[in-house]
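Below you'll find the structure, written out as structure tokens, and then a few comments.
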Amino acid sequence: MSEAYEVRARAELAVWKRRILKKPGLLGDAARAVQGRINRAIPEKVHAVITEVIEQMTRGIMTGSDLTTPQPLIGAGLEEREARVREKIALYRTTAAAEGGVAGAGGFLLAAVDFPALIGLKIKLLFDIAALYGHSGDLAAERLYILQIFQLAFSSPGHRHEIYDAMTRTGSTPVSLEDFDWRKFQQEYRDHIDLAKLAQLIPVIGAPVGAIVNFHLVDKLGETAMNAYRLRIFS
Numbered sequence: 003m004s005e006a007y008e009v010r011a012r013a014e015l016a017v018w019k020r021r022i023l024k025k026p027g028l029l030g031d032a033a034r035a036v037q038g039r040i041n042r043a044i045p046e047k048v049h050a051v052i053t054e055v056i057e058q059m060t061r062g063i064m065t066g067s068d069l070t071t072p073q074p075l076i077g078a079g080l081e082e083r084e085a086r087v088r089e090k091i092a093l094y095r096t097t098a099a100a101e102g103g104v105a106g107a108g109g110f111l112l113a114a115v116d117f118p119a120l121i122g123l124k125i126k127l128l129f130d131i132a133a134l135y136g137h138s139g140d141l142a143a144e145r146l147y148i149l150q151i152f153q154l155a156f157s158s159p160g161h162r163h164e165i166y167d168a169m170t171r172t173g174s175t176p177v178s179l180e181d182f183d184w185r186k187f188q189q190e191y192r193d194h195i196d197l198a199k200l201a202q203l204i205p206v207i208g209a210p211v212g213a214i215v216n217f218h219l220v221d222k223l224g225e226t227a228m229n230a231y232r233l234r235i236f237s
């Protein structure tokens, strides 16, 4: 690892940590309160169904026999790894934006299809990034770390702080998918992207909104993953 690049990477990590651990402002608190009231108004049976759908879908992606995990990149320096990671993120951003544009132009049904497709795309990106940092996605521990990265990117500030703390403290992470809090996972993810994805259903503007939203969601996930793996390297 070149010394200059390490200094740059550490500085970017420090900025990212301050940003994700920053306490929410008044606007954020207000939005969270509104979302909380909406969630309380939704019948428990609906929450249970949504949780089950997302759990089964995510489990299928995480444990499916048809999931091909990339071979870990061995022997590369941090600068080379992250150059490849940035290329991978750019590729997935473009793909996600194209899918979001098509779904936004197609109305409710295509937008509904875009929801699970986007989750699958995001998790596949995380497997690719893990491999570029030298980690095997075949390992259960790595798959749980990938789910934590996903939560770190798409959660409310309070839950994000909990996830960060768990990722940086030994013994605080789930030991299996059975120990994973799927209800919290789906609710935090859904709350985080609901308003943005709902705009995708609006006639005329749905296509550009869908493209922009998907682009930024994947970009945010990529940045979160890079810094999550830097946490490991620099610890």
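Quick note, the sequence shown lines up with residues 3 to 237 if you use the working numbering.
In this text, a Cβ means the ideal position worked out from N, Cα and C, and glycines have one as well.
Candidates the options: closest to residue i by CA position
| i | options | result |
| --- | --- | --- |
| glutamate 180 | Gln58, Arg20 and Ser4 | Gln58 |
| leucine 75 | Gly62, Asp130 and Leu93 | Asp130 |
| serine 158 | Ile22, Arg61, Pro210 and Arg234 | Ile22 |
| isoleucine 121 | Val87, Ala98, Arg10 and Arg162 | Ala98 |
| aspartate 71 | Leu127, Glu101 and Tyr94 | Note that residue 71 is threonine in the sequence shown, not aspartate. It is Leu127 whose Cα lies nearest to the Cα of threonine 71. |
| threonine 65 | His161, Leu149, Glu190 and Met169 | Leu149 |
| histidine 218 | Lys19, Arg95, Phe182 and Ala78 | Arg95 |
| valine 215 | Glu164, Ala100 and Trp18 | Ala100 |
Exposure label - residue i; buried when at least 16 CB within 10 Å
| i | result |
| --- | --- |
| lysine 124 | buried |
| arginine 83 | buried |
| glycine 139 | buried |
| valine 220 | buried |
| alanine 213 | buried |
Beta-carbon contacts of residue i that lie in its chain and below 6 Å, excluding the five residues immediately before and after
| i | result |
| --- | --- |
| glycine 223 | For the record, residue 223 in the displayed sequence is leucine; it is not glycine. Correct list, in chain order: Lys124 and Ala155. |
| alanine 142 | none |
| tyrosine 231 | Tyr135 |
| lysine 90 | Asp130 |
| arginine 86 | Leu134 |
| tryptophan 18 | Asn229 |
8 Å CB neighbourhood of residue i in its chain, flanking five on each side removed
| i | result |
| --- | --- |
| glutamate 8 | Leu80 |
CA-to-CA distance, residue j to residue i, given in whole angstroms
| i | j | result |
| --- | --- | --- |
| tyrosine 166 | lysine 24 | 12 Å |
| isoleucine 56 | alanine 132 | 22 Å |
| glutamine 188 | arginine 162 | 14 Å |
| arginine 88 | glutamine 153 | 20 Å |
Same chain, Cβ closer than 7 Å to residue i, five either side skipped, listed in chain order
| i | result |
| --- | --- |
| histidine 137 | Pro74 and Glu144 |
| arginine 12 | Phe236 |
| isoleucine 151 | Leu128, Thr226, Ala227 and Ala230 |
> Which full runs of the alpha helix (DSSP H) of 4+ residues lie inside the segment 46-100, going along the chain?
Replying inline: 46-65
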